[in-house]
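Residue numbers for the sequence shown, in the working numbering: 370 to 779. To keep things clear, I will list the structure first and then write my remarks on it.
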Amino acid sequence: MSSNSEPNPKIIDLIAKKEAGSKPFVSIEFFPPRSDAGVKNLYARMQRMKESINPLFSDVTWGAGGSTADLTLEIAEHLKETGHVANMHMTCTNMEKDGDPKLAVHSALKTAQKYGIRNIVALRGDPAAGQDEWKAADGGFTCALDLVKYMRENFGDEFGISVAGYPEGHPNAISEIEDPSTMSESEKARSSTCDGKTFTCKDEDYKKEMDYLKQKIDAGADFIITQMFFDTKVFGTFVDDCRKWGINVPIVPGLMCINAYPGFCKMTKFCKTRVPAELQAKMDSIQDDAEAIKAFGVEYGIQMCRELIEIGVDVLHFYTLNLEKVTFGILKGLGYDVKGVVDESDASTMVAKGSAWARVGDKVKTIYGSGTVQDVRSDGTAQVMIESWRLAEGQTPTAFLQKEHYSKVF
370 MSSNSEPNPK IIDLIAKKEA GSKPFVSIEF FPPRSDAGVK NLYARMQRMK ESINPLFSDV
430 TWGAGGSTAD LTLEIAEHLK ETGHVANMHM TCTNMEKDGD PKLAVHSALK TAQKYGIRNI
490 VALRGDPAAG QDEWKAADGG FTCALDLVKY MRENFGDEFG ISVAGYPEGH PNAISEIEDP
550 STMSESEKAR SSTCDGKTFT CKDEDYKKEM DYLKQKIDAG ADFIITQMFF DTKVFGTFVD
610 DCRKWGINVP IVPGLMCINA YPGFCKMTKF CKTRVPAELQ AKMDSIQDDA EAIKAFGVEY
670 GIQMCRELIE IGVDVLHFYT LNLEKVTFGI LKGLGYDVKG VVDESDASTM VAKGSAWARV
730 GDKVKTIYGS GTVQDVRSDG TAQVMIESWR LAEGQTPTAF LQKEHYSKVF
């Protein structure tokens, strides 16, 4: 590790330096890979992307239930020491230290402070492995607002803090609508369809979402990074609504790079994301052509970014999925100076550590063939129905596999 001893600057201070009329800054997000080889390859990609696009800041995620806490800290430290401005995710997890559900978070913040990591994304987080719903530990944090308050009360202005915003509403606040004709115009505009069902965040729930976001900002958060979306009109409405609510901090759009058809379908279904009909139709028409999917991911990403620049954003934030081809392609198409060449020969090692990527219903690859996750235990062991072969009597076999022995199909 190099000896870059100066602490990172706060991201909010860097955003403030954007010159009027200049192109948006670029930022990127990574997740902790499952294997040592994946981590090694990720470090090489981080270096390439630093040299190629010089991002304003680089995020690293914090796995569900604290499953990647140590590795997330390690990767964030590596980012900082190699010249990135690290923005480390931290969730209100069920971690405990000496029986205290807050002490582990406090310890992680002290470690970040020690290493000069000065930017934190304060999140509630996803359910831990084997859980369908998120539950707070007794005496622990109950929401991201609690974490923002805790950080300001215990660390003052030491950290820059960003929080999540949900242009379509948090997935937990999105409801199935039995009769779509009853929706208001605003509900229709942020609605989604999946498996013949219609979903939306009802107006009364959206108001609660916006009230809560205002509380997070008032508690000391510096800026907002949004959940992924594919309809820029929804983002524009969200920005307008934030200003109406008195939320005047920068709002950074989170852009999910379209890299593969299965991953696109899985993530949009999981998050109940609105997918414009023309986007879904195009994805369906090329679903079996991996290269065509990536090429279209670049094309659609360029279109989205141009519309966002028209709306007016300070930063374009790319959820890279630990890959570079689509991100680089979008930026080249927008006229950014992208140096170097793409190398995704290590893509198979970019499998996420942590249970957020191994849930019931996920398609996975195993040594026995492909299958579907039926159950996930607290240690990450999955019950997988192996669908690629049959037993003598035609039965579909089931295998119980430790988390290092299966990988999600994106």
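For glycine and all other residues, C-beta sits at the position ideal for the given N, C-alpha and C.
1) Report the residue ranges of all alpha helix (DSSP H) runs contained in full by the region 437–474; include only those spanning at least 4 residues, in chain order.
2) Can you list the alpha helix (DSSP H) stretches of 4 or more residues lying completely in the region 618–663, in chain order?
3) Rounded to whole angstroms, what is the Cα-Cα separation between A498 and D744?
4) Taking the alpha helix (DSSP H) that Q584 belongs to, which residues open and close that run?
5) Alpha carbons only, please: which of L700, P540, K732 is nearest the one belonging to G670?
6) Since G532 is in the beta strand (DSSP E), which residue starts that stretch and which ends it?
7) Using a Cβ-Cβ cutoff of less than 6 Å, which residues in the same chain neighbour N488 once the five nearest sequence positions on both sides are dropped?
8) I'd like the span of the beta strand (DSSP E) that includes M754, first residue to last.
9) On the CB-based measure, 16 or more other CB atoms within 10 Å of its CB, does A413 come out buried or exposed?
10) Quick one: is T642 buried, meaning 16 or more other Cβ sit within 10 Å of its Cβ, or exposed?
11) Could you spell out where the beta strand (DSSP E) holding G740 opens and where it closes?
12) Expressed to the nearest angstrom, what Euclidean distance is found between the alpha-carbon atoms of P536 and F598?
13) Which residues in the same chain have their Cβ closer than 8 Å to the Cβ of L492, if we skip the five residues on either side of it in sequence?
14) Straight-line CA distance for I662 to H475?
15) Report buried or exposed for L411, applying the criterion of at least 16 other Cβ atoms within 10 angstroms of its Cβ.
16) Report all residues from its chain with a CB closer than 7 Å to the CB of Y737; omit the five preceding and five following residues, and keep chain order.
17) Taking the alpha-carbon positions, what's the W503 to T511 distance?
18) Between A725 and P401, what straight-line distance do the alpha-carbon atoms span, to the nearest angstrom?
19) Find the nearest neighbour of F394 within the set V707, K708, V684, judged by alpha-carbon distance.
20) Compute the distance between the beta-carbons of F399 and T696, then report whether it is under 9 Å.
21) Is H686 helix, strand or coil when you go by DSSP?
22) My understanding is that P619 touches I422, with C-beta atoms under 8 Å, so please give their C-beta distance in whole angstroms.
23) May I ask you to verify whether the region 640–655 touches the region 555–562, counting CB pairs closer than 8 Å and requiring at least 3?
24) Quickly, what does DSSP pair P378 with across the bridge? List them, please.
25) Reducing DSSP to helix, strand and coil, say where E420 ends up.
26) Based on the DSSP secondary-structure assignment, which residues constitute the bridge partners of S561?
27) Can you check whether the CB of A721 is closer than 9 Å to the CB of V733?
28) DSSP three-state call for S427: helix, strand or coil?
29) For the alpha helix (DSSP H) holding A513, just list the boundary residues, first then last.
30) So, for T741: in the same chain, excluding its five sequence neighbours on each side, which residues have a beta-carbon less than 8 Å away from its beta-carbon?
31) Is the Cβ-Cβ distance between G407 and M719 less than 9 Å?
So, from the data block:
1) Runs of the alpha helix (DSSP H) spanning 4 or more residues and lying entirely within the region 437–474 occur at 438–450, in chain order.
2) Counting whole runs of 4 or more residues, the region 618–663 contains the alpha helix (DSSP H) stretches 630–640, 646–654.
3) With a pLDDT of only 47 at A498, under 50, the local geometry of the prediction cannot be trusted, and no value is derived from it.
4) Bounds of the alpha helix (DSSP H) holding Q584 are 572–587.
5) Closest option to G670, Cα to Cα, is L700.
6) The displayed chain sequence assigns Val, not Gly, to residue 532. Unbroken beta strand (DSSP E) run through V532: 529–534.
7) Same-chain partners within the cutoff: I380, N456, G529.
8) Counted as a single uninterrupted DSSP element, the beta strand (DSSP E) harbouring M754 occupies residues 751–755.
9) Looking at its Cβ environment, which holds fewer than 16 other Cβ atoms inside 10 Å, A413 is exposed.
10) T642 should be labelled buried.
11) It spans 738–745 - the beta strand (DSSP E) in which G740 sits, taken as one unbroken run.
12) Each residue's CA atom was taken as its position, placing P536 and F598 some 8 Å apart.
13) When the five nearest sequence neighbours on each side are left out, the beta carbons in the same chain lying within less than 8 Å of the beta carbon of L492 are those of W431, H458, M459, T460, C461, A513, L516, V532, A533, in order along the chain.
14) I662 and H475: Cα-Cα distance of roughly 42 Å.
15) Flag for L411 reads buried.
16) Hits under 7 Å: I755, A768.
17) For W503, the pLDDT reaches just 47, beneath the cut-off of 50, and the residue's location in the model is therefore unreliable, leaving the point undetermined.
18) At A725 the pLDDT is 44, less than 50, meaning the model places this residue with poor confidence and gives no usable figure here.
19) Looking at the Cα atoms, V684 is the closest of the given residues.
20) In this structure, T696 does not lie closer than 9 Å to F399 by Cβ.
21) Strand.
22) Rounded, the Cβ-Cβ distance is 20 Å, inconsistent with contact.
23) Yes, the region 640–655 touches the region 555–562.
24) Under DSSP, P378 shares a beta bridge with no residue.
25) Helix.
26) Residue pairing of S561 in beta bridges, as defined by DSSP: F568.
27) No, the Cβ-Cβ distance between V733 and A721 is not below 9 Å.
28) The answer is strand: DSSP assigns S427 an E or B state.
29) Where A513 is concerned, the enclosing alpha helix (DSSP H) starts and stops at 513–524.
30) G730, D731, K732, V733, V753, M754, E756, listed in sequence order.
31) Taking 9 Å as the Cβ cut-off, G407 and M719 qualify as a contacting pair.
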